[in-house]
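Residue numbers (my numbering): 18 to 331. All C-beta atoms in this analysis are idealised placements derived from N, C-alpha and C, irrespective of residue type, glycine included. Down below is the structure, laid out as structure tokens.
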Amino acid sequence: MESFTLALGNGATLTGLRKIPGPSPTTPKHRPLAVGLHGGSYSASYFDVDANHTAALACNALSVPFIAINRPGISGSTSLYPLPPNSSDPETHAVFLHEHILPALWTTFGISTGCNSLVLLCHSLGTPIAIMAASYFAASHPPGTRRPYPLAGIIFSGFGIQLIPDSGPKPDANTPPPEFLEFTAEVKNTIMMPSGTCDPSVYAYHQRLNAKFPFQEVADIHTVWLPRIRNEWAKDVKVPVMFGIAERDCYWKATKEHVNEMRALFEASPRVEGGVVKGAPHNLEMSYWAQGWYARCFGFGLECATSWGVESHL
């Protein structure tokens, strides 16, 4: 993929990776601009690890343009810290995504490539930001009004609402929290990609892919996401949703009960698909399942774009 740097309307800088397939006789009539949101401790390169673990394969095969952003504070993208008073990490980033990043990406990459809509492809801590942004999109831009970008769907892996007990770092009232977290190769390679779930070659990419990230991202899972997601954001999402929970995820329970509870969150969505990806690890996109998962994601994105295009002309 090629790197890019984009100046946003508010003066901030956004960096990332892009893959724009050229036109072909098989280019779909309706196709989305797919936007990747990486998780904590990673950058946009999470979606372009190597020749076998990259969104570019499905992107090229299905002629769907793909943009992987470096979330604010990562690899040259302007940080949003310190956060505004009385706000949280995901809320602040979701507002910024909705008001500044997605409109700029749509104007720069979506319209120029002939896309008719936009879908979000998220991993882990990129997920709450996307879901909150989708709720803001639905609330501030109802059908029939002018929209700064045409959101048509959300896809995510590595996130949920039922945590495995004692998994991962969390706030401790008796201990001052660190400002940033940075995982070691041993931690990532052991819990996020346990032996047998990925090609051993991907372990060598730790240094290139690793990035420190604010501890507040993790803390707000417990203080913001889990207690408030059901009543404040998920219920307002009005676009199709697809998710996968890895059976060997190190953080989230891979049970039918969890899957059903996740599906029930999106009560206003016209279509919700989700399930357990048997045998897979937390880092689904870096595992043996990567190409199959990406094929499903981009296929779902095409279906979202087609529904968006057809329904807009009814």
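For residue i, which option in the options has the closest C-alpha, if you only look at C-alpha atoms?
i, options, result
"T109", "S92, W123, R88", "R88"
"A75", "T22, L138, P99, L31", "L138"
"G292", "Y222, A151, R313", "R313"
"I262", "F283, E278, H299", "H299"
"V52", "L226, S152, I37, A285", "I37"
"N248", "A285, P257, P231, S218", "A285"
"M18", "T240, T43, Q308, H70", "H70"
"D253", "H275, I86, F197, A147", "A147"
"Y98", "T124, E196, K187", "E196"
"D189", "Q233, D106, T272", "Q233"
"W306", "G213, N77, P40, P145", "G213"
"T5", "W250, V294, E274", "The question about residue 5 has no answer, for the chain in this structure spans 18 to 331."
"Y153", "W123, P107, D183", "P107"
"L100", "P231, F21, A85, V204", "P231"
"K295", "A271, I84, I86", "A271"
"G309", "A78, G39, P40, S41", "A78"
"W242", "A85, M149, E328", "M149"
"S329", "T162, V276, N277", "T162"
"F200", "Q224, N277, E290", "Q224"
Are residue i and residue j touching if we call contact CB-CB under 8 Å?
i, j, result
"K255", "A169", "no"
"L180", "Y268", "yes"
"L50", "P82", "yes"
"A202", "I91", "no"
"S141", "G57", "yes"
"A68", "L34", "no"
"G177", "M279", "yes"
"T32", "G93", "yes"
"P165", "P120", "yes"
"Y222", "V112", "no"
"P244", "R288", "no"
"L301", "S174", "yes"
"L23", "T95", "no"
"K273", "H239", "no"
"E63", "L226", "Per the sequence shown, residue 63 should be read as Tyr rather than Glu. Cβ distance < 8 Å, so Y63 and L226 count as in contact."
"S80", "T43", "yes"
Rounded to the nearest angstrom, how far is the Cβ of residue i from that of residue j, given a contact under 8 Å?
i, j, result
"F47", "G316", "Inspection of the sequence shows that residue 47 is occupied by His rather than by Phe. Wrong, their Cβ atoms sit about 13 Å apart, outside the cutoff."
"P45", "L319", "6 Å"
"P194", "A151", "About 29 Å separates the two Cβ atoms, so there is no contact after all."
"A72", "Y220", "About 20 Å separates the two Cβ atoms, so there is no contact after all."
"S304", "C215", "4 Å"
* Between the region 129-143 and the region 169-179, are three or more C-beta pairs nearer than 8 Å? -> Under the 8 Å Cβ criterion, the region 129-143 counts as touching the region 169-179, having at least three qualifying pairs.
* On the three-pair Cβ rule with 8 Å, is the region 112-126 touching the region 25-35? -> yes
* Evaluate the contact criterion for the region 265-285 versus the region 207-219: three or more CB pairs, one atom per stretch, below 8 Å. => yes
* At 3 residues or longer, and completely inside the region 153-179: list those beta strand (DSSP E) runs for me, N to C. => The region 153-179 contains these whole beta strand (DSSP E) runs: 168-174.
* To do: For the region 21-90, list the alpha helix (DSSP H) runs that are entirely contained and at least 4 residues long, ordered along the chain.
  => 73-79
* Could you name each continuous beta strand (DSSP E) segment of 3 residues or more that falls completely within the region 250-300, going from the start of the chain to the end? => 258-265, 289-298
* Just list the beta strand (DSSP E) runs in the region 121-157, keeping only unbroken ones of 3 residues or longer that don't cross its boundaries, in chain order. => 134-140
* Asked: Which runs of the alpha helix (DSSP H), 4 residues or longer, sit entirely within the region 197-253?
  -> 223-226, 232-237, 243-249
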